[in-house]
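Engineer: Got a structure for you, written out below as structure tokens; questions coming shortly.
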Amino acid sequence: MITRNPPALIGLAIAISLLLGCAPAAPPTATPKPVAPAATATALPAKASPAAPKPAAPSPTAKPAADQPRYGGALTLAVGGDAPSLDIHQEDSSFTYAITMGTYNLLVRPDPKAWPEFKPVPELAAGWQVSTDGKVYTFNLTKGAKFHDGSPVTSEDVKFSLDRIRNPQKGMAKSPRKIQLEAVTSIDTPDENTVKITLANPQAFFVSLLGTVFYTIMPKKVVLANDNDMRKTVSGSGPFKFKSYSSGVGWELVKNPDYFVKGRPYLDGVKGYIVKDSFTRFAALRTKQVLWWTPFPYMSVSQAKILEETLRDKLTLKWGFHPAWYGAIFNMERAPWSDARLRQAVSMSFDRKSMVAAALEGAGVPGMSPQPPGEWALKDEEMSKAPGYAKPDVVGAKKLLADAGFPNGLKAEMLVRDVKVHQDTAIVIKDAAASIGITLDLKVEETAPYTDAQYKRAFGIAEGGVSSKLMDPALTLGDFYVTGGGRNWSGYSNKTYDDLFAKQSATLDPAERLKIVYEMQRILLKDVPIAIAFWTNAPYAWWNEVRGFYVPVEFSNAYQQYGDMWLAN
Numbered sequence: 000m001i002t003r004n005p006p007a008l009i010g011l012a013i014a015i016s017l018l019l020g021c022a023p024a025a026p027p028t029a030t031p032k033p034v035a036p037a038a039t040a041t042a043l044p045a046k047a048s049p050a051a052p053k054p055a056a057p058s059p060t061a062k063p064a065a066d067q068p069r070y071g072g073a074l075t076l077a078v079g080g081d082a083p084s085l086d087i088h089q090e091d092s093s094f095t096y097a098i099t100m101g102t103y104n105l106l107v108r109p110d111p112k113a114w115p116e117f118k119p120v121p122e123l124a125a126g127w128q129v130s131t132d133g134k135v136y137t138f139n140l141t142k143g144a145k146f147h148d149g150s151p152v153t154s155e156d157v158k159f160s161l162d163r164i165r166n167p168q169k170g171m172a173k174s175p176r177k178i179q180l181e182a183v184t185s186i187d188t189p190d191e192n193t194v195k196i197t198l199a200n201p202q203a204f205f206v207s208l209l210g211t212v213f214y215t216i217m218p219k220k221v222v223l224a225n226d227n228d229m230r231k232t233v234s235g236s237g238p239f240k241f242k243s244y245s246s247g248v249g250w251e252l253v254k255n256p257d258y259f260v261k262g263r264p265y266l267d268g269v270k271g272y273i274v275k276d277s278f279t280r281f282a283a284l285r286t287k288q289v290l291w292w293t294p295f296p297y298m299s300v301s302q303a304k305i306l307e308e309t310l311r312d313k314l315t316l317k318w319g320f321h322p323a324w325y326g327a328i329f330n331m332e333r334a335p336w337s338d339a340r341l342r343q344a345v346s347m348s349f350d351r352k353s354m355v356a357a358a359l360e361g362a363g364v365p366g367m368s369p370q371p372p373g374e375w376a377l378k379d380e381e382m383s384k385a386p387g388y389a390k391p392d393v394v395g396a397k398k399l400l401a402d403a404g405f406p407n408g409l410k411a412e413m414l415v416r417d418v419k420v421h422q423d424t425a426i427v428i429k430d431a432a433a434s435i436g437i438t439l440d441l442k443v444e445e446t447a448p449y450t451d452a453q454y455k456r457a458f459g460i461a462e463g464g465v466s467s468k469l470m471d472p473a474l475t476l477g478d479f480y481v482t483g484g485g486r487n488w489s490g491y492s493n494k495t496y497d498d499l500f501a502k503q504s505a506t507l508d509p510a511e512r513l514k515i516v517y518e519m520q521r522i523l524l525k526d527v528p529i530a531i532a533f534w535t536n537a538p539y540a541w542w543n544e545v546r547g548f549y550v551p552v553e554f555s556n557a558y559q560q561y562g563d564m565w566l567a568n
């Protein structure tokens with residue numbers, strides 16, 4: 000059991016001013032070049048791909064040729080806040096993933112060694128077949144897999160877990176991914192080792208969708224015994240068992256001796272600490288209080304520079320593109336943000352390049368389109384003509400405000416999540432809005448109340464940022480914008496857009512689908528339910544004795560359940 004106020008971190012907090020305050024400020028590194036996103040399940044023809052250099056694949060942690068995996072030891076890490084709850088099916092917080100992802104399995108998972116290709120590999124599914132019409136997916140389950148209570152993983156558990164996401168029942172407050180499974184018409188279980196999923200129309204990305212971290216398989220018996228409430232209960236089939244979690248302190252996972260993957264896991268356990276202060280969390284890594292840094296949340300460019308200058312030979316750091324947008328979310332059901340002219344004005348006030356520099360120290364990509372940079376995004380030559388993309392249009396924004404009845408500007412409250420990257424983003428949004436006469440008062444909330452207000456739409460304008468986990472438009476353009484979408488926090492509803500989304504989902508020809516996806520983005524750029532400011536780059540960092548870790552395909556919050564990781568000493 001993790002005790003409250005771990006002694007090592009108490010001493011660390013006391014010494015933080017001496018450790019960092021006395022050191023000369025390190026200059027930021029040159030802006031990290033964004034790594035191109037991974038290819039989606041549907042490959043596009045060469046003529047439809049963006050003119051961007053192909054990224055080099057990240058290499059695994061360097062190790063001697065004769066070095067072999069070893070058993071024992073605990074992996075340590077720290078994250079920047081508490082999870083709103085532990086139910087991974089209904090949460091959207093990276094803190095929930097960090098705590099629970101070592102305990103669960105998926106039907107399939109992305110192969111990190113295949114980067115930048117998103118290549119699903121078997122996990123609880125030993126294999127799968129797709130019908131000739133592309134509508135029926137049959138998964139054959141891995142034999143011998145057991146949940147942590149000793150019961151076997153069966154097709155009924157898989158069906159129950161997916162049904163729980165697509166049709167949430169009492170005890171589950173929300174299901175952000177419900178719309179992602181909207182095409183599923185039935186889930187059948189011919190026998191205990193076979194799951195047959197039937198879709199209304201073919202979806203080339205469906206298997207990759209099931210490889211995202213949300214689609215964990217839970218034991219039906221345990222969930223029902225808890226009245227479908229898994230906010231405080233974690234029970235999976237993964238390489239580690241859940242031992243404890245203490246709000247504001249940390250969590251602990253212990254080795255699952257009955258894990259179905261032979262010889263895994265290598266580690267005895269995982270110990271995580273909740274350290275809200277970014278300087279203390281960074282100092283914990285530098286002083287080896289923790290061995291592994293994941294983007295929960297991000298490390299700054301200045302901090303990365305310190306590591307490069309002081310621990311280059313002892314610690315590995317890798318940057319990569321993270322498909323997460325940051326910007327302003329408008330509640331379109333609440334005045335004055337129900338007026339598109341105000342939303343457009345805020346977006347036009349953004350100096351996106353300066354915002355990346357100020358909020359992220361340059362570690363990001365200016366953005367405006369709701370699709371991450373890459374093969375599905377509108378091309379730069381078109382985006383450069385969008386008002387406010389290349390540079391802010393203060394004159395045009397003020398005219399829109401006047402036309403909407405606010406010639407002297409307005410005041411409003413903006414909801415902000417109490418995490419450093421979110422607060423930094425809120426400040427640059429506030430400054431941009433002030434340039435056109437909009438005064439924003441920041442209302443900072445902890446993750447749990449922020450998330451609650453976000454889903455209840457108990458705000459007028461909110462700073463927001465979230466990763467899509469998969470570059471395919473099925474996620475990036477679905478959850479946040481389709482009527483009734485699980486993460487449609489703006490309350491956006493546009494029938495034309497909804498029809499186009501359904502059409503692209505059923506279109507298998509890549510070039511034709513791309514045309515539809517372009518049109519969807521053009522609609523959103525006009526309606527502006529969310530004013531996106533930028534997309535992020537993010538680093539992983541780990542001490543060199545941490546082995547068996549690859550920078551994953553979907554960079555932050557990706558499916559990484561520690562099962563292949565080990566410690567060299």
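Residue numbers (numbering that gives the first Met the number 0): 0 to 568.
For every residue, glycine included, the Cβ atom is placed at its ideal position computed from N, Cα and C.
If you're wondering where the values come from, they're calculated on a predicted model, not measured in any experiment.
1. Taking the alpha carbon of residue 236 as the reference point, which residue from 228, 392, 256 has its own alpha carbon closest?
2. Write down the C-beta distance between residue 543 and residue 314 rounded to the nearest angstrom, noting that I regard them as a contact closer than 8 angstroms.
3. In its own chain, which residues sit with a C-beta less than 8 angstroms from the C-beta of residue 520, not counting the 5 before and 5 after it?
4. Scan the segment 489 to 533 and note each continuous alpha helix (DSSP H) run of 4 residues or more that stays entirely inside, going in chain order.
5. Exposed or buried, which one is residue 374 when buried takes at least 16 other CB atoms within 10 Å?
6. I need the DSSP call for residue 108, collapsed to helix, strand or coil.
7. Any contact between the segment 428 to 442 and the segment 315 to 323? By contact I mean 3 or more CB pairs, one from each, below 8 angstroms.
8. Give a yes or no on whether the C-beta atoms belonging to residue 364 and residue 127 are separated by under 7 angstroms.
9. What is the C-beta distance between residue 351 and residue 366, in whole angstroms, given that I count them as a contact (C-beta under 8 angstroms)?
10. Smallest Cα separation from residue 287: which of 545, 89, 490, 507?
11. Counting C-beta neighbours from all protein chains within 10 Å, is the total for residue 61 16 or more, i.e. buried, or is it exposed?
12. Which word fits residue 71, buried or exposed, when buried means at least 16 other C-beta atoms lie within 10 angstroms of its C-beta?
13. Do you know how far the Cα of residue 394 is from the Cα of residue 435?
14. Which of the three DSSP states is assigned to residue 429 in this structure?
15. Who are the Cβ neighbours of residue 422 in its own chain at under 7 angstroms, not counting the five residues just before and after it?
16. By how many angstroms is the C-alpha of residue 478 removed from the C-alpha of residue 88?
17. Leaving out the 5 sequence neighbours to the left and right, which residues in its chain are closer than 7 angstroms to residue 280 when beta-carbon positions are compared?
18. On the three-state DSSP scale, how would you describe residue 402?
19. For the candidate residues 239, 472, 243, whose alpha-carbon lies nearest to that of residue 254?
20. Name the one or two DSSP bridge partners that residue 570 has.
21. Whose C-alpha, out of 211, 200, 170, 517, is nearest the C-alpha of residue 581?
22. Where residue 282 and residue 418 are concerned, what is the direct C-alpha to C-alpha distance, given to the nearest angstrom?
23. Where do the ends of the alpha helix (DSSP H) carrying residue 197 lie?
24. Starting from residue 76 and walking both ways along the beta strand (DSSP E), at which residues does that stretch end?
25. My understanding is that residue 234 touches residue 191, with C-beta atoms under 8 angstroms, so please give their C-beta distance in whole angstroms.
26. Which residue marks the beginning of the beta strand (DSSP E) containing residue 466, and which one marks its end?
27. Name, in chain order, the residues that DSSP records as bridge partners for residue 68.
28. Measure the alpha-carbon distance for residue 211 versus residue 96 and round it to whole angstroms.
29. Can you confirm whether the segment 427 to 434 touches the segment 340 to 355 when touching is taken to mean that 3 or more C-beta pairs between the two stretches lie within less than 8 angstroms?
30. Which runs of the alpha helix (DSSP H) at least 4 residues long sit entirely within the segment 207 to 272? Give them in chain order.
31. How about the segment 301 to 313 and the segment 100 to 109: do they share at least three Cβ pairs that are nearer than 8 angstroms?
32. Which same chain residues, not among the five before or five after residue 161, have their C-beta less than 8 angstroms away from its C-beta?
33. With a threshold of 7 angstroms on Cβ separation, who are the neighbours of residue 561 within its own chain once the five nearest residues in sequence on each side are excluded?
34. Restricting to runs no shorter than 3 residues, where is the beta strand (DSSP E) found entirely within the segment 120 to 203?
35. In its own chain, which residues sit with a C-beta less than 7 angstroms from the C-beta of residue 145, not counting the 5 before and 5 after it?
36. From the DSSP output, which residues share a beta bridge with residue 546?
Structural biologist: According to the structure data:
1. 256
2. 6 angstroms
3. 368, 369, 370, 376, 377, 476
4. 494 to 504, 509 to 526
5. buried
6. strand
7. no
8. For residue 364 and residue 127, no; Cβs fall outside 7 angstroms.
9. Correct: roughly 7 angstroms between the Cβ atoms.
10. Shortest Cα-Cα distance from residue 287 to any of 545, 89, 490, 507 involves 545.
11. Unreliable positioning characterises residue 61 in this predicted model, as indicated by a pLDDT of 46, which lies under 50. The coordinate reading is nonetheless provided below. It counts as exposed.
12. So residue 71 counts as exposed.
13. The C-alpha of residue 394 is placed about 8 angstroms away from the C-alpha of residue 435.
14. helix
15. 415, 443
16. If I take the Cα positions, the gap works out to 14 angstroms.
17. 77, 79, 274
18. helix
19. 239
20. As shown, the chain starts at 0 and ends at 568. That puts residue 570 outside it, with no answer to give.
21. The first residue shown for the chain is 0 and the last is 568, placing residue 581 beyond what the model contains.
22. 17 angstroms
23. Where residue 197 is concerned, there is no enclosing alpha helix (DSSP H), although the beta strand (DSSP E) it sits in stretches over 193 to 198.
24. 73 to 78
25. Contact flag wrong, Cβ pair sits at about 19 angstroms.
26. 460 to 466
27. Note: residue 68 sits in no beta bridge, so no partner.
28. It is roughly 11 angstroms from the alpha-carbon of residue 211 to the alpha-carbon of residue 96.
29. These segments touch.
30. 219 to 224
31. no
32. 180, 183, 186, 196, 214
33. 74, 101, 238, 239, 264, 266, 269
34. 124 to 129, 135 to 140, 183 to 190, 193 to 198
35. 151, 152, 236, 257, 259
36. Looking at the DSSP assignment, residue 546 forms a beta bridge with 565.
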